[in-house]
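Residue numbers (my numbering), protein chains in the order written: chain A, 30 to 142; chain B, 22 to 136.
Glycine included, every Cβ here is placed at the ideal spot set by N, Cα and C.
In this text, all values refer to a predicted model and were calculated from it rather than measured experimentally.
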Amino acid sequence: ETGVTQTPRHLVMGMTNKKSLKCEQHLGHNAMYWYKQSAKKPLELMFVYNFKEQTENNSVPSRFSPECPNSSHLFLHLHTLQPEDSALYLCASSPGGKRDTQYFGPGTRLTVL
Amino acid sequence: AQTVTQSQPEMSVQEAETVTLSCTYDTSESDYYLFWYKQPPSRQMILVIRQEAYKQQNATENRFSVNFQKAAKSFSLKISDSQLGDAAMYFCAYRSAEGAQKLVFGQGTRLTINP
């Protein structure tokens with residue numbers, strides 16, 4: 030595998046379910062990101078991790094809980110979601126530092142029933 | 022806060038022709054980066070080209086080039102010799118060179134290539 034991978038590619042869940050999204054990067058990067066892409070809205074940053082430490086939380090509701098066990102893996106734990114949380118969730122990674130470029134995974138299409 | 026605006030929700034071009042996608046942004050910073058990303062139906066967000074604000078020379082990547090007008094805060098993407106595989110959503114994005122690492126995206130332009 031190369032680049033940034035995400036699993037699952039599609040997920041359907043009920044409002045009372047608990048599920049997790051997984052992201053893995055094979056680029057040797059030190060920073061990882063979660064973005065949300067909703068229909069007819071620009072991509073929104075959710076979380077940033079640098080060297081496993083969360084450095085940005087863009088006022089995301091607590092029903093989204095990120096986890097970064099190491100620089101190569103990033104999870105997004107989901108619980109008690111709402112239908113309006115249905116979106117494409119994109120993971121990205123970058124080398125880290127102020128002048129780097131982010132590379133994206135293919136995304137997980139989430140539908141909340 | 023920075024904002025990015027793409028005023029063309031949809032564009033179309035004939036195969037082998039040239040098309041230009043528009044992007045404007047608003048910032049009070051002097052040092053930043055601008056990007057064009059492509060998102061085909063597969064949903065993978067792919068980096069097309071990157072421009073550093075302190076460089077006057079416009080970035081080019083094969084058939085893709087930008088027209089960066091810093092004073093006008095404009096950053097357009099030109100695609101030459103359009104190919105069917107260029108069909109996608111194109112997003113313009115801004116990143117500060119200092120402080121927050123987040124990318125600020127525009128709303129996107131859907132590009133259709135007509136055979």
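When the Cα atoms are used, what is the spatial distance from residue i to residue j?
i	j	result
B:Asp107	B:Leu132	8 Å
A:His55	A:Ser100	10 Å
B:Ala84	A:Thr45	Strictly speaking, residue 84 of chain B in this sequence is Arg, with Ala absent from that position. Going from the Cα of B:Arg84 to the Cα of A:Thr45 covers about 49 Å.
B:Arg64	B:Ser51	32 Å
B:Leu42	B:Gln27	8 Å
B:Phe96	B:Trp57	9 Å
A:Glu82	A:Gly57	16 Å
B:Lys91	B:Cys44	12 Å
A:Gln66	A:Val89	14 Å
A:Pro135	B:Lys94	30 Å
B:Gly127	A:Pro95	25 Å
A:Gly32	A:Ser122	9 Å
A:Tyr132	A:Gly43	30 Å
State the CB to CB distance for the pair residue i and residue j, rounded to an integer number of angstroms; the pair is presumed to be in contact (CB under 8 Å).
i	j	result
B:Thr130	B:Tyr111	5 Å
B:Gln77	B:Thr48	Not a contact, Cβ separation roughly 17 Å.
B:Tyr54	B:Arg71	6 Å
A:Tyr78	A:Cys52	At roughly 10 Å, the Cβ-Cβ gap does not stay under 8 Å, so A:Tyr78 and A:Cys52 are not in contact.
A:Met61	A:Leu103	4 Å
B:Lys59	A:Glu85	About 25 Å; that fails the 8 Å criterion.
A:Glu37	A:Thr137	The sequence as given places Pro at residue 37 of chain A; Glu does not occur at that position. With a Cβ gap of about 6 Å, A:Pro37 and A:Thr137 count as contacting.
Of all the options the options, which has the alpha carbon lying nearest to the alpha carbon of residue i?
i	options	result
A:Thr34	B:Thr48, B:Met66 and B:Leu42	B:Met66
B:Thr39	B:Glu119, B:Glu31 and B:Leu98	B:Leu98
B:Asn135	B:Thr41, B:Gly127 and B:Gln104	B:Gln104
B:Val34	B:Ser86, B:Ala118 and B:Ile100	B:Ile100
A:Leu139	A:Leu110, A:Pro95 and A:Glu96	A:Leu110
B:Pro30	A:Leu105, A:Glu53 and A:Lys70	A:Lys70
B:Pro62	A:Leu40, A:Met42 and A:Leu117	A:Leu117
A:Arg92	A:His39, A:Tyr132, A:Phe133 and A:Lys47	A:Lys47
B:Leu68	B:Val25, B:Asn88 and B:Ala109	B:Ala109
Who are the near neighbours of residue i in its chain, counting only those whose CB is closer than 6 Å to its CB and skipping five residues on each side?
i	result
A:Tyr64	Leu72, Leu74 and Leu119
A:Phe80	Asn59
A:Asp114	Val141
Could you give the DSSP three-state label for residue i: helix, strand or coil?
i	result
B:Pro62	coil
A:Leu105	strand
A:Pro95	strand
A:Leu40	strand
A:Glu113	helix
A:Asp129	coil
B:Asp107	helix
B:Leu68	strand
Counting only the same chain and skipping the five closest in sequence on each side, list residues whose C-beta sits under 7 Å from that of residue i.
i	result
B:Asp102	Ala37 and Arg84
For residue i, collect the residues of the same chain with a Cβ closer than 8 Å to its Cβ; drop the 5 residues on either side in sequence, then sort them by chain order.
i	result
A:Ser49	Phe104, Leu105, His106 and Leu107
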